[in-house]
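Protein sequence lines, in the order shown, are assigned to chains A and B.
Letter by letter, the first sequence follows residues 100 to 345 of our numbering.
Letter by letter, the second sequence follows residues 6 to 214 of our numbering.
C-beta: ideal position from N, C-alpha, C; glycine also.
Comments concern the structure below.
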Amino acid sequence: MPKLTINGIEVLVEKGVTVLEAARFLGIPIPTLCHDDGLAPASACRLCVVEVRRGLEGRSKLLAACSLPAEDEMVVHTNSARVQRARQLLIELYVATCPSSKRIQDLASAYGVHECRYEAEHEDCIQCGLCVRMCEQQMMAGAIGFAGRGANRRVSRPFDMTDKRCRQCGACLYICPVCELRCAGPAAEATLCNGCLNFAPVCFQSYDDAMCFLDPCHACELAGPLRPDVKIKTRARATVLSGEKQ
Amino acid sequence: MQAGLDGRVLTFTKAGFAAPACRGTGGGTLVMTETELQQADSILGQFDDRRANLIAILQDIQAHFYYLPEDVLRRLARKLRIPLTDVYQVATFYRCFSLVPRGRHQVQVCLGTACHVRGAPRVLDRILTDLKLGAPGTTRDRQFTVLTVRCVGCCGLAPVVRVDNKTHPHLTQAKVRGVLNKYRLKRQSQEEVASAEEAGDRDATAQVG
Ligand code: SF4
Ligand code: FES
Ligand code: FES
């Protein structure tokens, strides 16, 4: 049985177990977008990067944990500075690709991505391949698949016609990480959520059409009713807000 | 205006080729004749029904029909017992495969860095005007398909154009016509042969009759 070290904790795992599973077994969270327990790993999103060194010598590498089989003498760090940087950059890029996705906005919030420096693309797919794998591996249908390549790669039905294998089960919708839409509250057009930070009063409860279930909500955490002591940067209605806060 | 084989009409649109069906099926796909389907079946029959043969089969189909007809892909998927998406995925991935009919000769104009610097865009322009094309694509008579490619790996010969599997080095605008004519001539002589044969046949039948 391979014995590896994850964040300084030694763990013995069965052969064939991935680093992601080993880390989850230890209760160490690793964010993922394209991983699902019931599906074969595709390593498409790279969000699960961890820093891995084999043995005591050698340089460490950033590898995708979801498809990395645990090996003897592996030394894994799931939250080193290097990993954090890579992860944040990835999340930032995903936010720019699909700003309307709740899952991605949640990740941005949870991993401290406070700005998005890229132009929003408003794509409706991040090509994680979950729906394709779901259809093929769990629904045993294989009615949808990827087509094209490079910038033209897309999820599609063959010849743009619904295959007779499709039972309209909706599993692809269920598993898609971008189908769930984010809050359309005070900052619906902003690329990055947490737009509530720029408004006053900051908490979502003050807005009728806000349905912010960000998990966790940065606006609430940093400036909401829970933390009145934190002074935040504000843009809109700055005077009102700072007046309240001081 | 009608052109092409069997009276099928090809319309050039921005998205590529829309090929309206001729025999009143109303669909957007080309209808295959019985003979064509038989030919396709005989190609499919040459291989074991193994998924590993997928690309080889597709190559043969492409070489025979100059595109991958939808009907044949459906048959292929059924025969190999794999989802149609798998076939479709491979067929749309590689540039050597095409789902819309291509010409008999493929003209690949290299627009890689070296060729670009040595005037490939002008050569491309010339080829397009010569073939009366507005943009890379297939000519109306389905003799030529012009494709632009990135470096084909012989930058020393820039600018390079590959027609079918032959590489034509050091092209200039002036040389374009000559190169294309080689392929055109071949086609004309083929036609001459064909018409001669036809005439011969007619004579033969006339004699018999
Ligand atoms: S449609 Fe959704 S599940 Fe499918 S690849 Fe795109 S983002 Fe992933
Ligand atoms: S979860 Fe590992 S690459 Fe997406
Ligand atoms: S750039 Fe044309 S062959 Fe290399």
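Proximal residues of chain B, C-beta to C-beta of A/I243 below 7 Å: Indexing the first sequence from 1 puts residue 243 of chain A at position 144. Here the neighbours are T90.
Proximal chain A residues relative to B/Y4, where beta-carbon distance stays under 9 Å: The shown model of chain B, from 6 to 214, leaves out residue 4 of chain B, and the question about it has no answer.
From this set, A/Y273, A/V182, A/D136, which residue's C-alpha is nearest A/C230's C-alpha? By one-based count along the first sequence, residue 230 of chain A stands at place 131. If we check each option's Cα against that of A/C230, A/Y273 comes out closest.
DSSP state of B/R28, grouped into three classes? To locate residue 28 of chain B, count along the second sequence from 1; it is residue 23. Only weak support exists for where B/R28 lies, its pLDDT of 34 falling under 50; the coordinates are left without a value.
Since B/C115 sits in a beta bridge, which residues does DSSP pair it with? Here residue 115 of chain B refers to the residue found at position 110 of the second sequence. Per DSSP, B/V154.
Identity of the residues DSSP links to A/P168 by a beta bridge: Translated into positions along the first sequence, residue 168 of chain A becomes position 69. Beta-bridge pairing links A/P168 to A/T117.
Could you tell me whether any Cβ in chain B is nearer than 8 Å to the Cβ of A/G107? Mapped onto the first sequence, residue 107 of chain A falls at position 8. For A/G107, the answer is no, since every Cβ of chain B falls outside 8 Å of its Cβ.
Determine whether the Cβ of B/T215 lies closer than 8 Å to any Cβ atom of chain A. Nothing can be reported for residue 215 of chain B: it is not among the residues displayed for chain B, which extend from 6 to 214.
Contact shell at 6 Å, judged by CB to any heavy atom of ligand 1, ordered along the chain: Selection around ligand 1 by beta-carbon proximity, strictly under 6 Å to any non-hydrogen atom, yields A/C224, A/I225, A/Q226, A/C227, A/G228, A/L229, A/C230, A/V254, A/I274, A/C275, A/P276, A/V277 in chain order.
Which residues, in order along the stretch 98 to 116 of chain B, keep a beta-carbon less than 7 Å from a beta-carbon of chain A? Of all residues in the stretch 98 to 116 of chain B, F98 have a Cβ within less than 7 Å of some Cβ in chain A.
Alpha carbon to alpha carbon, how far is A/F245 from A/A169? Give it in angstroms, no decimals. Counting from one through the first sequence, the residue named residue 169 of chain A turns up at place 70. Counting from one through the first sequence, the residue named residue 245 of chain A turns up at place 146. Straight-line spacing of the CA atoms in A/A169 and A/F245 works out to 30 Å.
Does the stretch 172 to 188 of chain B come into contact with the stretch 122 to 133 of chain B, if we say contact requires no fewer than three beta-carbon pairs (one atom in each stretch) closer than 8 Å? The stretch 172 to 188 of chain B makes contact with the stretch 122 to 133 of chain B; the number of CB pairs closer than 8 Å reaches 3 or more.
Excluding sequence positions up to five away, which residues of its chain have a Cβ less than 8 Å from the Cβ of B/C160? In the second sequence, residue 160 of chain B corresponds to position 155, counting from 1. Correct list, in chain order: G117, T118, A119, C120.
Beta-carbon spacing of A/T358, A/V175 below 8 Å: For chain A, the structure presents residues 100 to 345; residue 358 of chain A sits outside this window and is missing.
Am I right that A/L162 and A/V151 are in contact with their C-beta atoms under 8 Å? What's the rounded C-beta distance? By one-based count along the first sequence, residue 162 of chain A stands at place 63. By one-based count along the first sequence, residue 151 of chain A stands at place 52. With 8 Å as the limit, A/L162 and A/V151 qualify as a contact, their Cβ atoms being about 5 Å apart.
Taking the CB atoms as reference points, tell me whether B/V168 and B/V154 lie closer together than 8 Å. Stepping through the second sequence from its first residue, residue 168 of chain B is reached at position 163. Stepping through the second sequence from its first residue, residue 154 of chain B is reached at position 149. Result no, Cβ atoms of B/V168 and B/V154 do not sit closer than 8 Å.
List the residues of chain A whose Cβ lies closer than 7 Å to the Cβ of B/Q94, in chain order. The sequence position of residue 94 of chain B within the second sequence is 89, counting from 1. Near B/Q94 (Cβ distances below 7 Å), the residues of chain A are G244, F245, A246.
Would a check of beta-carbon distances place A/F258 closer than 8 Å to chain B? If you number the first sequence from 1, residue 258 of chain A lands on position 159. Look at A/F258: its C-beta is under 8 Å from a C-beta on chain B.
From the beta carbon of A/E170, is the nearest beta carbon of chain B less than 8 Å away? Counting from one through the first sequence, the residue named residue 170 of chain A turns up at place 71. Answer no: the Cβ-Cβ gap between A/E170 and chain B never drops below 8 Å.
Pick out whichever of A/A240, A/C144, A/Q183, A/S159 has its Cα sitting closest to the Cα of A/Q267. Counting from one through the first sequence, the residue named residue 267 of chain A turns up at place 168. That would be A/A240, whose Cα lies nearest to the Cα of A/Q267.
List the whole-angstrom C-beta distance separating B/T40 from B/R107, where the pair is believed to meet the contact cut-off of C-beta under 8 Å. Taking the first residue of the second sequence as 1, we reach residue 40 of chain B at position 35. Taking the first residue of the second sequence as 1, we reach residue 107 of chain B at position 102. About 20 Å separates the CB atoms of B/T40 and B/R107; that is not less than 8 Å, and the two are not in contact.
B/A26 to B/P164, Cα distance in whole Å? Locating residue 26 of chain B in the second sequence gives position 21, counting from the first residue. Locating residue 164 of chain B in the second sequence gives position 159, counting from the first residue. Only weak support exists for where B/A26 lies, its pLDDT of 34 falling under 50; the value from the coordinates is given anyway. If you take the alpha carbons of B/A26 and B/P164, they lie about 39 Å apart.
Just how far apart, CA to CA, sit B/Y72 and B/V95? Along the second sequence, read from residue 1 onward, the residue named residue 72 of chain B stands at position 67. Along the second sequence, read from residue 1 onward, the residue named residue 95 of chain B stands at position 90. Between B/Y72 and B/V95, the C-alpha separation is close to 14 Å.
The stretch 44 to 57 of chain B contacting the stretch 75 to 86 of chain B, beta-carbon criterion three pairs below 8 Å: Yes, the stretch 44 to 57 of chain B touches the stretch 75 to 86 of chain B.
Relative to ligand 2, is the shortest distance from any of its heavy atoms to the C-beta of A/R145 smaller than 7 Å? Within the first sequence, residue 145 of chain A is the residue found at index 46, counting from 1. Because some heavy atom of ligand 2 lies under 7 Å away, the Cβ of A/R145 counts as near it: yes.
Against chain A, with Cβ distances strictly below 8 Å, would B/L81 count as a contact? As a first step, residue 81 of chain B is located in the second sequence; it is residue number 76 there, counting from the start. No, its Cβ sits nowhere closer than 8 Å to a Cβ of chain A.
Find out if the Cβ-Cβ distance for the pair A/P276, A/S166 is shorter than 8 Å. One-based indexing of the first sequence puts residue 276 of chain A at position 177. One-based indexing of the first sequence puts residue 166 of chain A at position 67. No.
Say yes only if the C-beta of A/A139 is nearer than 7 Å to one or more non-hydrogen atoms of ligand 2, and no if none qualify. Start at 1 with the first residue of the first sequence, and residue 139 of chain A comes out as number 40. Incorrect: A/A139 has no Cβ contact closer than 7 Å to ligand 2.
From A/G126 to B/P74, what distance separates their C-alpha atoms? For the purposes of this step, residue 126 of chain A is taken as residue 27 along the first sequence, with counting starting at 1. For the purposes of this step, residue 74 of chain B is taken as residue 69 along the second sequence, with counting starting at 1. One C-alpha to the other measures close to 52 Å.
Counting only the same chain and skipping the five closest in sequence on each side, list residues whose C-beta sits under 7 Å from that of A/I108. The residue you call residue 108 of chain A lines up with position 9 of the first sequence. Hits under 7 Å: L125.
Here's a check: name, in chain order, each residue in its chain whose Cβ is nearer than 8 Å to the Cβ of B/T97, leaving out the five neighbours to either side. For the purposes of this step, residue 97 of chain B is taken as residue 92 along the second sequence, with counting starting at 1. Same-chain partners within the cutoff: L104.
Is it the case that the CB of A/H134 approaches a heavy atom of ligand 2 more closely than 7 Å? In the first sequence, the residue the question calls residue 134 of chain A occupies position 35. Result yes, Cβ under 7 Å from ligand 2.
Determine the closest residue to A/E113 out of A/G228, A/V148, A/C224, A/D171, with distance taken between C-alpha atoms. Sequence index remark: in the first sequence, residue 113 of chain A carries index 14 (1-based). Ranking A/G228, A/V148, A/C224, A/D171 by Cα distance to A/E113 puts A/D171 first.
Could you tell me which residues DSSP pairs with A/V175 in its beta bridges? Here residue 175 of chain A refers to the residue found at position 76 of the first sequence. The partner list for A/V175 (beta bridge, DSSP) reads A/I105, A/V151.
Can you name the start and end residues of the beta strand (DSSP E) that A/A219 belongs to? As a position in the first sequence, residue 219 of chain A is number 120, starting the count at 1. Neither: A/A219 is in no beta strand (DSSP E) and is coded neither H nor E.
Distance between beta carbons of A/I190 and A/C197, contact taken as under 8 Å: Here residue 197 of chain A is taken as the residue at index 98 of the first sequence, counted from 1. Here residue 190 of chain A is taken as the residue at index 91 of the first sequence, counted from 1. Incorrect: roughly 11 Å between the Cβ atoms, too far for contact.
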